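Numbers 1 to 210, taken from full-length UniProt numbering, label the letters of the sequence shown in order. All C-beta atoms, glycine included, are put in the ideal place defined by N, C-alpha and C. These numbers come from a predicted model, not from an experiment.
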Amino acid sequence: LMQGQTFDKSAYPKLAAAYPSGVIPDMRGWTIKGKPASGRAVLSQEQDGIKSHTHSASASSTDLGTKTTSSFDYGTKSTNNTGAHTHSLSGSTNAAGNHSHRDGRRFNPSVFKDTYQYGYTSSGQNTWGVQGSVGMSTGWLANTSTDGNHSHSLSGTAASAGAHAHTVGIGAHTHSVAIGSHGHTITVNAAGNAENTVKNIAFNYIVRLA
Numbered sequence: 001l002m003q004g005q006t007f008d009k010s011a012y013p014k015l016a017a018a019y020p021s022g023v024i025p026d027m028r029g030w031t032i033k034g035k036p037a038s039g040r041a042v043l044s045q046e047q048d049g050i051k052s053h054t055h056s057a058s059a060s061s062t063d064l065g066t067k068t069t070s071s072f073d074y075g076t077k078s079t080n081n082t083g084a085h086t087h088s089l090s091g092s093t094n095a096a097g098n099h100s101h102r103d104g105r106r107f108n109p110s111v112f113k114d115t116y117q118y119g120y121t122s123s124g125q126n127t128w129g130v131q132g133s134v135g136m137s138t139g140w141l142a143n144t145s146t147d148g149n150h151s152h153s154l155s156g157t158a159a160s161a162g163a164h165a166h167t168v169g170i171g172a173h174t175h176s177v178a179i180g181s182h183g184h185t186i187t188v189n190a191a192g193n194a195e196n197t198v199k200n201i202a203f204n205y206i207v208r209l210a
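Structure, rendered in structure tokens:
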């Protein structure tokens with residue numbers, strides 16, 4: 001029986017030539033396979049396995065329809081407060097301002113006309129006021145000169161203004177997601193050996209010529 005026994009190689013030199021390790025192979029549960037041309041060593045073991053192969057596969061088409069997301073109220077949001085800005089100012093006003101005022105005092109022109117000039121009228125310099133309503137006994141009203149024509153220049157920066165914010169109402173809402181009918185491709189990876197095998201030990205098949 002070949003059950004992995006050891007033997008005395010000196011007592012059995014011919015057996016030792018076949019099994020130089022001095023151990024008879026344990027053949028329980030093993031088959032004998034002729035040594036393949038691939039160069040496999042005699043007495044080497046090979047485990048059982050299946051030949052490598054592939055499979056085709058497909059997933060059935062299923063219509064999952066249209067789904068709705070859950071409702072959520074985002075409320076009202078506010079934008080940031082921006083927009084403040086200024087403007088530069090430069091320029092000048094137009095020239096204006098000539099005017100006169102009545103003095104309010106009255107005088108007799110027959111007395112003062114030759115001694116001094118008092119005020120101006122709209123008819124120009126060197127004239128005597130405005131005559132009173134009652135005549136010479138009332139006197140004339142004196143006017144100031146019309147000096148006062150002038151202009152102003154403007155420069156600087158206007159006050160900062162314009163900052164503002166907006167509110168954005170998002171509110172409660174949902175979204176729909178259309179999934180629809182579809183299929184999927186399934187790839188099955190190849191598995192197995194180069195050939196179908198059972199647990200075996202390689203031997204040289206020989207015949208004795210007689």
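* Asked: Counting pairs of Cβ atoms below 8 Å between the stretch 25-39 and the stretch 149-156, do you hit three or more?
  -> no
* Chain-order list of residues whose beta-carbon lies under 7 Å from that of A191 (same chain, five-residue window excluded) -> By one-based count along the sequence shown, residue 191 stands at place 191. Within the same chain, Cβ atoms closer than 7 Å to the Cβ of A191 are found at S52, the five residues on either side in sequence being excluded.
* To do: Note down, in chain order, each residue of its chain lying with its Cβ closer than 6 Å to the Cβ of Y74, except the 5 sequence neighbours on either side.
  => On the sequence shown, position 74 is the one that residue 74 refers to. Correct list, in chain order: I170.
* Asked: Over what stretch of residues does the alpha helix (DSSP H) that includes K14 continue unbroken?
  -> Taking the first residue of the sequence shown as position 1, residue 14 is located at position 14. Start and end: 13-18.
* Asked: Considering only residues of the stretch 175-206, which uninterrupted beta strand (DSSP E) runs meet the minimum length of 3 residues and lie entirely inside it, listed in chain order?
  -> 176-178, 200-203
* Which of helix, strand or coil DSSP assigns to D26 -> Numbered from its first residue, the sequence shown carries residue 26 at position 26. Note: D26 maps to strand in three-state DSSP.
* What is the rounded straight-line gap between the Cα of K77 and the Cα of A172? -> As a position in the sequence shown, residue 77 is number 77, starting the count at 1. As a position in the sequence shown, residue 172 is number 172, starting the count at 1. Going from the Cα of K77 to the Cα of A172 covers about 13 Å.
* First and last residue of the uninterrupted beta strand (DSSP E) at I91 -> Position 91 of the sequence shown, counted from the start, is the residue given in the question as residue 91. A small correction: the amino acid at residue 91 is Gly; Ile does not occupy that position in the sequence shown. Per DSSP, G91 belongs to the beta strand (DSSP E) from 88-92.
* Would the beta-carbon of I50 fall within 8 Å of that of N200? -> On the sequence shown, position 50 is the one that residue 50 refers to. On the sequence shown, position 200 is the one that residue 200 refers to. Cβ atoms of I50 and N200: not closer than 8 Å.
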